[in-house]
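Protein chains in written order, with the working numbering: chain A, 1 to 188; chain B, 189 to 376.
Comments concern the structure below.
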DNA sequence: TTCATTATTTGCCAAATGACAAATTAATCG
DNA sequence: CGATTAATTTGTCATTTGGCAAATAATGAA
């Protein structure tokens, strides 16, 4: 819970009273490895802060391949923003890669916090923009890299993730096949 | 100018008076093909709405290759968000791919509009989030696609751009070499 | 532990892409 | 128009990656 508060405070100021409000609203939940936080076809109605564990956002392309869009690990928010913001059915899944502990906020929670805490929207907007910007900046360079470079850069940027994410999922994130990744990994 | 107002109105309501304020602040500028709107090493201090033309965001990787991160065409905002928001020197360029007509806002303009128009921040936040989300959703699937598919999807999504963007830049956006793209293009 | 299941590695070959240089075509400017 | 420069195409070959199937290793449940 403290991790959440610290995270929020990085983006704006909150009084102790406001902090207590946030704590009151955050619901602790767990997800077992493989379970879904949010599913294609449904409208996302929750936002999660990850206290522990790794989630991934994934979808199926028109050939039926399962593709990992990205991983999200502890001390980050996870939400299907497209679906949550526009209240439209999602086309992707958010799935637990490992067992997870989450702090979950419903739409009502968010509306209430927004109405009560003057800076809440500004803080959330900053977090949203930073989160999206990070994703763009992370994915964008990969297009120009070959498979080996992608893997090595992934290791550099997310050393904590490498050993917690099965190779098949990592391969689908890096945009290469499982066997290629296996060979690349052997070489280093 | 009307295009800008229409664009803004898609994200929130503005009174006629507020619209006039926006018009008052927007400065018309032009950029010749090849000129920069924003440069690596500098702190971005402007936001542009593109009335006409195409810009691209690009940078140099550690091998010295010039890489196009993405294109932005008319009826969209362009800004180096990383640099503008955090007031840190940028690592990328925003360059005119064609001659452009822009409506430019300075930091002062934005601060003033933010102070005067009650919903301004909310509108801009929505635009920012949508812009970033679009980028993620556009780039992300490309990782899992081969070069031919990337090119064809680009044509589908941006038919207006294909004939205005030189092949070399398009190749650097798609993450393939110029000669490969030339061959792919011939086949179709 | 042992079996069953899942994850990873490996072999083999085909296909896609890159690298580099030369040739061709298009664009620009006097 | 002609000359110069820039943009694109093409040829050749090396390298990377994919596809598929089989082998091996790791994991989890009984």
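All C-beta atoms, glycine included, are put in the ideal place defined by N, C-alpha and C.
Predicted model, so just to flag it, every value in this text is computed and none were measured.
Under the assumption that residue i contacts residue j (Cβ atoms under 8 Å), give the Cβ distance between them as a whole number of angstroms.
{"i": "residue 245/B", "j": "residue 132/A", "result": "About 15 Å separates the two Cβ atoms, so there is no contact after all."}
{"i": "residue 241/B", "j": "residue 289/B", "result": "6 Å"}
{"i": "residue 311/B", "j": "residue 199/B", "result": "5 Å"}
{"i": "residue 22/A", "j": "residue 5/A", "result": "7 Å"}
{"i": "residue 99/A", "j": "residue 160/A", "result": "That pair is no contact at about 16 Å."}
{"i": "residue 129/A", "j": "residue 317/B", "result": "7 Å"}
{"i": "residue 103/A", "j": "residue 1/A", "result": "7 Å"}
{"i": "residue 76/A", "j": "residue 313/B", "result": "That belief does not hold up - the Cβ atoms of residue 76/A and residue 313/B are roughly 20 Å apart, past 8 Å."}
{"i": "residue 127/A", "j": "residue 328/B", "result": "In fact, because the Cβ distance is near 20 Å, the residues do not count as touching under 8 Å."}
{"i": "residue 206/B", "j": "residue 305/B", "result": "5 Å"}
Spatial neighbours of residue i within its chain, please: CB distance less than 7 Å, with the 5 preceding and 5 following residues excluded, ordered by chain position.
{"i": "residue 181/A", "result": "151, 167, 170, 171 and 174"}
{"i": "residue 80/A", "result": "38, 44, 90, 92 and 94"}
{"i": "residue 121/A", "result": "114"}
{"i": "residue 254/B", "result": "246, 248 and 360"}
{"i": "residue 42/A", "result": "89 and 90"}
{"i": "residue 191/B", "result": "239 and 263"}
{"i": "residue 372/B", "result": "335, 336 and 339"}
{"i": "residue 64/A", "result": "none"}
{"i": "residue 224/B", "result": "281, 282 and 283"}
{"i": "residue 266/B", "result": "225, 236, 238, 243, 260 and 282"}
{"i": "residue 250/B", "result": "none"}
For residue i, which residues from the same chain have a beta carbon less than 8 Å from its beta carbon, with the 5 sequence-adjacent residues on both sides left out?
{"i": "residue 97/A", "result": "33, 53, 54, 55, 56, 71, 164, 165, 166 and 169"}
{"i": "residue 257/B", "result": "244, 245, 246, 247, 280 and 361"}
{"i": "residue 307/B", "result": "200, 201 and 202"}
{"i": "residue 177/A", "result": "171"}
{"i": "residue 25/A", "result": "105, 109, 112 and 113"}
{"i": "residue 157/A", "result": "138"}
{"i": "residue 375/B", "result": "336"}
Return the chain-ordered list of same chain residues with a C-beta closer than 6 Å to the C-beta of residue i, the five sequence neighbours on each side being excluded.
{"i": "residue 350/B", "result": "343"}
{"i": "residue 153/A", "result": "none"}
{"i": "residue 217/B", "result": "290 and 292"}
{"i": "residue 27/A", "result": "104"}
{"i": "residue 367/B", "result": "none"}
{"i": "residue 270/B", "result": "none"}
Across the segment 287–305 of chain B and the segment 104–120 of chain A, are there enough close Cβ pairs to call them in contact, namely three or more that are closer than 8 Å?
At 8 Å Cβ cutoff, the stretches do not touch.
Where are the alpha helix (DSSP H) runs, 4 residues long or more, that stay fully inside the segment 205–274 of chain B, in chain order?
The segment 205–274 of chain B contains these whole alpha helix (DSSP H) runs: 269–274.
Counting only Cβ-Cβ distances shorter than 8 Å, please list the residues of the segment 226–253 of chain B near chain A, keeping chain order.
Listed in sequence order: 249 and 253.
At 4 residues or longer, and completely inside the segment 123–184 of chain A: list those alpha helix (DSSP H) runs for me, N to C.
As far as the segment 123–184 of chain A is concerned, its whole alpha helix (DSSP H) runs of at least 4 residues are 147–157, 159–162 and 167–174.
Below 9 Å between beta carbons is the criterion; list the residues of the segment 139–169 of chain A that meet it against any residue of chain B, in chain order.
The residues in question are 139, 140, 141, 142, 143, 144, 145 and 150.
Can you find at least 3 beta carbon pairs, one from the segment 78–95 of chain A and one from the segment 259–279 of chain B, that sit closer than 8 Å?
No, because fewer than three Cβ pairs between the segment 78–95 of chain A and the segment 259–279 of chain B fall closer than 8 Å, the two stretches do not touch.
Residues from the segment 100–134 of chain A in contact with chain B, defined by Cβ distance under 7 Å
Residues 125, 128, 129, 132 and 133.
Mind checking the segment 194–211 of chain B against chain A and listing, in chain order, the residues whose C-beta falls within less than 9 Å of any C-beta there?
Residues of the segment 194–211 of chain B whose Cβ lies closer than 9 Å to any Cβ of chain A: none.
What are the residues in the segment 78–89 of chain A lying within 9 Å of chain B by C-beta distance?
Residues of the segment 78–89 of chain A with a C-beta less than 9 Å from any C-beta of chain B: 81, 82 and 85, listed in chain order.
Which residues of the segment 170–181 of chain A have a Cβ closer than 7 Å to any Cβ of chain B? Give them in chain order.
Going along the segment 170–181 of chain A in chain order, one finds 175 with a Cβ nearer than 7 Å to chain B.
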